[in-house]
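Peer 1: Protein chains in written order, with this note's numbering: chain F, 773 to 1090; chain H, 773 to 1090.
There are 2 protein chains.
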Amino acid sequence: MTTIADVANAAGVSISTVSYVMSGKRTISQDTKERVERAIAELRYSPHASARSLASRSTSVIGLQAPLRSGVDVHVVMEIVTGVVREAREHAYDILLLTGDDAGLTLAARASRVDALLVMDVESDDPRLGTLAQLDMPSVLIGLPAGAESVYCVDFDFEAAGRLAVERLVALGHSRIALFGAPAEVLARHTSYADRLVRGFLTACDAHGVDGTVHPVPSNAEATAVVDGVLAEAPGITGILFHNEGALPHVAARLVDGRDVIALCPADVAQSVAGLADSIDVPAEDIGVAATRAVLGLLGGEEQAHVQLLPPKLNSQA
Amino acid sequence: MTTIADVANAAGVSISTVSYVMSGKRTISQDTKERVERAIAELRYSPHASARSLASRSTSVIGLQAPLRSGVDVHVVMEIVTGVVREAREHAYDILLLTGDDAGLTLAARASRVDALLVMDVESDDPRLGTLAQLDMPSVLIGLPAGAESVYCVDFDFEAAGRLAVERLVALGHSRIALFGAPAEVLARHTSYADRLVRGFLTACDAHGVDGTVHPVPSNAEATAVVDGVLAEAPGITGILFHNEGALPHVAARLVDGRDVIALCPADVAQSVAGLADSIDVPAEDIGVAATRAVLGLLGGEEQAHVQLLPPKLNSQA
DNA sequence: CTGAAAGCGCTAACAC
DNA sequence: GTGTTAGCGCTTTCAG
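So, in structure tokens, the structure goes:
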């Protein structure tokens, strides 16, 4: 292992000089600077992470609690994580994957394994909020729990997306519309995004005086039966907002069929489905990036908005 | 922050005693042991990870290089990662998420951020093999590159799965069968699993004297056109091995249609599709677990098989 | 502009 | 069975 002492020797300077060359925290003559940098390169030196974090009391690691239970929107989770990792690395931070439970958070925080926490898969009334409050460590939630404001949250604005879809369907002339959404168990858990989408959808239906109903959909092949059932019972439905990535490929064909269907899902998923009226992009990777920027901001001591919601945009299908 | 010194004070012992109580590396009287443990609990002490790893020269962290490029089998990737994280935590190891490139590996290793590496998404002729060899750090690949034997690899036995499927289709009486597989770009990259599946399939077809062809399939809605095309040109195909999780929901209905279809995918995906003859489970989470056990074994100085392939099993659909 | 040296919190000899 | 202490490799005062 090459240490800072080896570099100092090779460059003929003291170890503090090497340290300061790397951190840029004091002015160094051009000459010594070059000698040190050459030595670093030649010896392929990279500072020992633990030694550095012991001395500097910071790890350059962010803990990420991701929902690894497969089933719910794997695609979206994956893209968010991609965004997080990319943005973190860009700022020389690493990501430590934490398990879903409370203990994972607490342990990582108390052992000073991480500088900050990023928490995904937030439910409306999430039990982890209390834990986080005790922790005295910057954290950002990806999702929007009830009664936020005391924590930092980043998410897509599902409520606005619900309204946007209704407005579009109304503009297209529909007066009987439906939201086919998350599986029943997700709604039952009051997963934050599902709750908010329903709220936006129903509020807008009310405001526009149109008849709107909400239907949970299983995210696998069973979706077909459910969708068929609903459409048979309510043949008047002519406009649809569809938010269930897993079910979409199974049922896309039977939804479209004289109806206007707006899909709410990542862009690539929407593109792979034919016959959609329009789609509203869930900018999953951007969410990850935004959340990471928020934690990095907190770490840098910047003021942050407590709630940051990415606005929906409507994509017309050509 | 509570340190080991605080605990020692509270318990009225020296810091080394506290350390030894935690590690169990020397015998401690029942009495002091209890006093120390009580102090640890009361103070909610957990040792500073960096301090520990600086002194002990090991981090209890495993670096995981996962393919975050969405598109290819998100589901499978997710489950493998789940298995890795679960097994690692069970042995008090954490997982650091590394970026896909070479630099990610090198950096983590040289900065002693991790004790070992786990590398996913291995291609037949993977450029990272060289990098790994230079690194002087235990590592396990999830996948099977060409000319393994000098590295450690864990994967599902796709070649055997190909053979198994052919045997089953032959037993069902088919003499004209087809493998609908990964997208063309995956095959072009010579992603290890795709290569091996094709080999097993074609070898077995030869051995059994049946007519077998291989067809790449896009993993989105475009799959329908491709599948329709193939089946129209070769109506004699009556038995199918289908290995493309993304495409399956789009095309399941038109494949089955008097034909026997064996799907090769995670169990939950297979279950959500109706009409399959049988399925062969891709035990993704088990792969993650097995790979993690292998690295942990290496870290523990145990002998390991260089190549470990999880055998396929056929599930009959009830 | 540069060095010397005091820690950071822990592990593991080396004492007894 | 327990305590003392020398590092682990780095950052950051304090001195010049």
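The beta carbon of each residue, even a glycine, is placed where N, CA and C say it ideally should be. Remember, predicted model here, so these are calculated numbers, not experimental data.
Cα separation between I1009/F and H987/H?
Peer 2: Distance between the alpha carbons of I1009/F and H987/H is about 40 Å.
Peer 1: How is the beta strand (DSSP E) around P988/F delimited, first residue to last?
Peer 2: Counting along the chain, the beta strand (DSSP E) containing P988/F begins and ends at 983-988.
Peer 1: Would you check if the segment 797-809 of chain F and the segment 852-868 of chain F touch, i.e. whether three or more CB-CB distances between them fall below 8 Å?
Peer 2: Because the criterion of three Cβ pairs below 8 Å is not met, the segment 852-868 of chain F and the segment 797-809 of chain F do not touch.
Peer 1: For E895/F, does the count of other Cβ atoms within 10 angstroms reach 16, so buried, or fall short, so exposed?
Peer 2: Buried: at least 16 other Cβ atoms inside 10 Å.
Peer 1: Using a beta-carbon distance cut-off of less than 7 Å, what residues from the segment 858-870 of chain H approach chain F?
Peer 2: Per Cβ criterion, the list reads R861, D866, I867, L868, L869.
Peer 1: Taking CB distances under 8 Å as the criterion, tell me whether M850/H reaches chain F.
Peer 2: Chain F contact via Cβ: present.
Peer 1: Hey, is H847/H's beta-carbon within less than 8 Å of any beta-carbon in chain F?
Peer 2: At least one chain F Cβ lies under 8 Å of H847/H.
Peer 1: Measure the C-alpha to C-alpha separation of I1052/F and V853/F and round it to an integer number of angstroms.
Peer 2: Cα-Cα distance, rounded: 21 Å.
Peer 1: Quick one, which of H962/F, G934/F, Y965/F, A960/F has its alpha-carbon nearest A950/F's?
Peer 2: The residue with the shortest Cα to Cα distance from A950/F is G934/F.
Peer 1: Out of curiosity, what's the CA-to-CA distance linking P1083/F and R948/F?
Peer 2: Each residue's alpha carbon lies about 26 Å from the other.
Peer 1: So, do the segment 977-993 of chain F and the segment 1030-1039 of chain F have three or more beta carbon pairs nearer to each other than 8 Å?
Peer 2: Too few Cβ pairs lie closer than 8 Å, so no.
Peer 1: Would you call the CB atoms of L889/F and L869/F closer than 8 Å?
Peer 2: No. Outside cutoff.
Peer 1: Please say whether A954/H and A937/H have beta carbons closer to each other than 8 Å?
Peer 2: Taking 8 Å as the Cβ cut-off, A937/H and A954/H do not qualify as a contacting pair.
Peer 1: Since S795/F is in the alpha helix (DSSP H), which residue starts that stretch and which ends it?
Peer 2: Residues 787-795.
Peer 1: Going along the segment 876-905 of chain H in order, which residues come within less than 7 Å of chain F, judged by CB to CB distance?
Peer 2: From the segment 876-905 of chain H, only L879, R882, A883, S884, R885 have a Cβ closer than 7 Å to chain F.
Peer 1: Counting pairs of beta carbons, one from the segment 1072-1083 of chain F and one from the segment 790-803 of chain H, are three or more of them closer than 8 Å?
Peer 2: At 8 Å Cβ cutoff, the stretches do not touch.
Peer 1: Per DSSP, T963/H forms a beta bridge with which residues?
Peer 2: T963/H pairs with E895/H.
Peer 1: Quick one: Cα of V970/F to Cα of V1061/F, how far?
Peer 2: Near 26 Å, if we compare the C-alpha coordinates of V1061/F and V970/F.
Peer 1: Please state whether the Cβ-Cβ distance between F1100/H and N1016/H is less than 8 Å.
Peer 2: The question about residue 1100/H has no answer here: the residues shown for chain H are numbered 773 through 1090.
Peer 1: Under a CB-based cut-off of 8 Å, is E931/H close to chain F?
Peer 2: It does not: the Cβ of E931/H has no partner Cβ on chain F nearer than 8 Å.
Peer 1: Would you check if the distance between the CB atom of V926/F and the CB atom of A1066/F is smaller than 8 Å?
Peer 2: Closer than 8 Å, so yes.
Peer 1: Could you tell me which whole beta strand (DSSP E) segments of length 3 or greater appear in the segment 998-1049 of chain F?
Peer 2: Whole beta strand (DSSP E) segments, 3+ residues: 1011-1014, 1032-1037.
Peer 1: Just to confirm the assignment: which complete alpha helix (DSSP H) runs, minimum length 4, are found wholly within the segment 776-860 of chain H?
Peer 2: With a minimum length of 4 residues, the continuous alpha helix (DSSP H) runs that stay inside the segment 776-860 of chain H are 776-783, 787-795, 802-815, 821-828.
Peer 1: List the residues of chain F whose Cβ lies closer than 9 Å to the Cβ of V998/H, in chain order.
Peer 2: Ordered by position in chain F, no residue passes the 9 Å Cβ test against V998/H, which lies about 13 Å from the chain.
Peer 1: What residues in the segment 968-989 of chain F have a beta carbon less than 9 Å from any beta carbon of chain H?
Peer 2: Hits within the stretch: zero.
Peer 1: Is there at least one Cβ from chain H nearer than 8 Å to P1021/F's Cβ?
Peer 2: Output row for P1021/F: interface = yes.
Peer 1: Measuring alpha carbon to alpha carbon, tell me which residue in V891/H, D778/H, T985/H, P819/H is nearest L1013/H.
Peer 2: Out of V891/H, D778/H, T985/H, P819/H, T985/H has the C-alpha closest to the C-alpha of L1013/H.
Peer 1: Helix, strand or coil, according to DSSP, for G876/H in the structure here?
Peer 2: Here G876/H sits in helix by DSSP.
Peer 1: Along the chain, where does the alpha helix (DSSP H) that runs through R935/H open and close?
Peer 2: R935/H -> alpha helix (DSSP H) spans 930-943.
Peer 1: For a cutoff of 8 Å on Cβ pairs, would you count R816/H as touching chain F?
Peer 2: For R816/H, the answer is yes, since a Cβ of chain F falls inside 8 Å of its Cβ.
Peer 1: Chain F beta carbons: is any one of them nearer than 8 Å to that of H1091/H?
Peer 2: Given a span of 773 to 1090 for chain H in the structure shown, any question on residue 1091/H remains unanswerable.
Peer 1: Where does V958/F fall in DSSP's three states?
Peer 2: V958/F: helix per DSSP, three-state reduction.
Peer 1: Please check the pair P1021/F and P1021/H, which I expect to be a contact at CB under 8 Å, by giving their CB distance rounded to whole angstroms.
Peer 2: Sure, about 4 Å apart at Cβ, within 8 Å.
Peer 1: Helix, strand or coil: which one does DSSP assign to G919/F?
Peer 2: Three-state result, G919/F: coil.
Peer 1: By DSSP, does A993/H sit in helix, in strand, or in coil?
Peer 2: It is coil, neither helix nor strand.
Peer 1: For G855/F, count neighbouring Cβ atoms within 10 angstroms of its own Cβ and tell me buried if that reaches 16, exposed if not.
Peer 2: Answer is buried; the Cβ neighbour count reaches 16.
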